[in-house]
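Data block below; observations after.
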Amino acid sequence: MRTLFKEPLFQFLFIALLLLLGERLINADDYAYDQYHIEVDNAVLLQFMQLRAKTFKPEEAQQALDALSAEDRQRLVDDYAREEALFRDAMELNLDKNDQIIRRRLIQKMDYLAQGFYDEGTPLTEEDLRKYYDEHREEYKKLASGTFTHVFISSERHGSEQAQVIATELQKTLNAESVPFENAPRYGERFLYNRNYVNRDDDEIGSHFGTEFQEQVFAFEVGDKWQGPVQSTYGWHLVLLVKNTPAYIPPLEEIAANVFADAQRQQQQQVKREAIDKLMAKYQISDRSGQ
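So in numbering that gives the first Met the number 0, spot 183 of the sequence shown is number 182, and the numbers just go up one at a time.
Structure (structure tokens):
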């Protein structure tokens, strides 16, 4: 042991330890002051107000802070100090350890921080938009749509065959009297859904009437003649089709704003993915889950 005390390195470490302990004892009050001192200024209150409101608008926050009465401002200071004190004591007690909720929050924050690299992406050019549009044309396809009215005869009420006979006879009346679109509600029976369908896409029509009805209606000619009868899930229908728009893909110029938003979103996702990949490159992963 005496030999150890004679070693210069040991003597150096021993003296350094004494000096550190002495400094801590002399400045104990200062350390306690720093640990239990909560400093509140305008910058702290502005950030606290924005976090509370979950909106980050510094100018509006500053205006709201300036408009506070002395009593309200003191209440805000007290609220911040209370939360800060609880946070510091929680961290001192290591309450953040092995807490899945806090873990998820921290992961979400890091994921959010990765979005900060969005500005590093180069501005999208017209060429970029056209390339994105060409690669995703089918996503912008407009469904076929139609405008029509119908007169309904219920199969549940009359039976399917009799309902078809009634509809066939009624069709003769409708065409003989040239019954217009707006007078359709005067004929037939009440239908579960709508009487008139204006610019409704074929998916909605199929969901209301069934696939067979949907296919036949879009095969009709546009005009002032009542056509049918067409069978649906619920009965028989006479249809006056006044507009039929086939499915189509609109030109880029018509949907440029939507294409730009989608292309920009894809670019941002790519930038974020690259930022996270760069972060992951620092780690070595050993998968022993199968052992």
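The C-beta atom is built at its ideal place from N, Cα and C for all residues, glycine as well.
Between the options, which lies nearest to residue i when the distance is taken from Cα to Cα?
| i | options | result |
| --- | --- | --- |
| His336 | Asp202, Pro249, Ile254, Arg194 | Since the first and last residues shown for the chain are 0 and 290, residue 336 lies out of range. |
| Gln61 | Ala69, Gln49, Asp71 | Gln49 |
| Lys242 | Val197, Ile275, Asp40 | Val197 |
| Ala80 | Glu38, Glu58, Leu92, Met90 | Glu38 |
| His36 | Asp88, Glu59, Ile254, Gln73 | Asp88 |
| Asp78 | Arg103, Val43, Asp65 | Val43 |
| Thr232 | Asp95, Gly209, Met90 | Gly209 |
| Pro245 | Val229, Gln213, Gln283 | Gln213 |
| Lys141 | Arg74, Glu70, Glu253, Ser285 | Glu253 |
Hey, how far is the Cα of residue i from the Cα of residue j?
| i | j | result |
| --- | --- | --- |
| Ala262 | Leu278 | 25 Å |
| Leu45 | Ile106 | 25 Å |
| Thr167 | His236 | 9 Å |
| Asp40 | Glu83 | 14 Å |
| Val270 | Glu138 | 23 Å |
| Ala162 | Arg264 | 53 Å |
Taking a contact to mean a Cβ-Cβ separation below 9 Å, would you say residue i touches residue j in this structure?
| i | j | result |
| --- | --- | --- |
| Pro159 | Gly234 | One point to set straight first is that residue 159 is Ser, not Pro, in the sequence displayed. Their beta carbons are under 9 Å apart, which means Ser159 touches Gly234 by this criterion. |
| Phe217 | Arg189 | no |
| Thr172 | Tyr186 | yes |
| Leu251 | Val221 | no |
| Arg136 | Ile248 | yes |
| Ile258 | Trp225 | With the sequence shown as reference, residue 258 is identified as Val, and Ile is not the correct amino acid for it. Cβ atoms of Val258 and Trp225: not closer than 9 Å. |
Does residue i come out as helix, strand or coil in the three-state DSSP assignment?
| i | result |
| --- | --- |
| Asp29 | Because the pLDDT at Asp29 is just 44, under 50, the model does not fix this residue reliably, and the value given afterwards should be weighed accordingly. The answer is helix: DSSP assigns Asp29 an H, G or I state. |
| His207 | helix |
| Ile100 | helix |
| Asn195 | strand |
| Val221 | coil |
| Glu273 | helix |
| Pro57 | helix |
| Ile152 | strand |
| Tyr132 | helix |
| Gln215 | helix |
| Phe190 | coil |
| Asp127 | helix |
When the cut-off is 9 Å and only beta carbons count, does residue i lie next to chain D?
| i | result |
| --- | --- |
| Ile165 | The structure shown has no chain D; it contains just one protein chain. |
### Query
Counting Cβ pairs closer than 8 Å, one from the region 139 to 146 and one from the region 197 to 209, do we hit at least three?
yes
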